[in-house]
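Inspection log for the structure reproduced underneath, given as structure tokens.
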Amino acid sequence: MAMSPEALRHLLKKRATILYPYREREKVHLPDGFRGELKFYRDRCIGCALCSRVCPSETIEMGEDEGGRRPIFYLDRCTRCQQCEEICPVNAIELTKDFETVGFDRSEKIIR
Numbered sequence: 001m002a003m004s005p006e007a008l009r010h011l012l013k014k015r016a017t018i019l020y021p022y023r024e025r026e027k028v029h030l031p032d033g034f035r036g037e038l039k040f041y042r043d044r045c046i047g048c049a050l051c052s053r054v055c056p057s058e059t060i061e062m063g064e065d066e067g068g069r070r071p072i073f074y075l076d077r078c079t080r081c082q083q084c085e086e087i088c089p090v091n092a093i094e095l096t097k098d099f100e101t102v103g104f105d106r107s108e109k110i111i112r
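Letter 38 of the sequence shown, counting from 1, is numbered 38 in our numbering, and no numbers are missing.
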């Protein structure tokens with residue numbers, strides 16, 4: 001059975017995928033605007049609850065702690081829509097470029 005000319009061309013090209021886990025020399029290129037894991041800066045938060053009101057996936061609920069009203073993030077629900085980051089008046093929420101978010105315990109994905 002003969003190979004098609006297109007298959008032969010791809011046979012000599014560099015591979016298109018990178019094996020996981022990545023080695024240092026094989027850094028993954030992430031485009032500008034990539035939305036990764038959510039990061040919360042507790043010291044900046046004023047407890048306004050705008051983030052919980054705008055979240056379409058109900059990732060954010062407001063709770064009480066020693067500092068007053070603060071959001072609780074259930075990251076396993078997050079769709080990374082970035083609405084919470086955009087509406088926060090004090091920049092207490094940031095979507096990082098971290099995309100390796102797998103965990104063995106669901107409680108690891110709750111930010112209080």
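Positions of the beta carbon are idealized from the N, C-alpha and C atoms, including for glycine.
Computed from a predicted structure; not experimentally measured.
Integer-rounded CB distance, given that residue 20 should sit under 8 Å from residue 92: No, residue 92 and residue 20 are not in contact; Cβ-Cβ is about 32 Å, not under 8 Å.
Residue 109 in three-state terms, based on DSSP: helix
Starting from residue 113, follow its DSSP beta bridges and name the residues at the other end. Shown here, the chain extends from 1 to 112; a query on residue 113 therefore has no answer.
Is residue 38 buried or exposed, if buried means 16 or more other CB atoms sit within 10 Å of its CB? buried
How should residue 18 be labelled, buried or exposed, when 16 other C-beta atoms within 10 angstroms of its C-beta is the threshold for buried? exposed
Where residue 12 falls, given that 16 or more other Cβ within 10 Å makes a residue buried: By the Cβ neighbour-count rule, residue 12 is exposed, with fewer than 16 other Cβ atoms within 10 Å of its own.
What is the residue span of the alpha helix (DSSP H) that residue 87 lies within? 83-87
Measuring alpha carbon to alpha carbon, tell me which residue in 81, 78, 60 and 79 is nearest residue 71. 60
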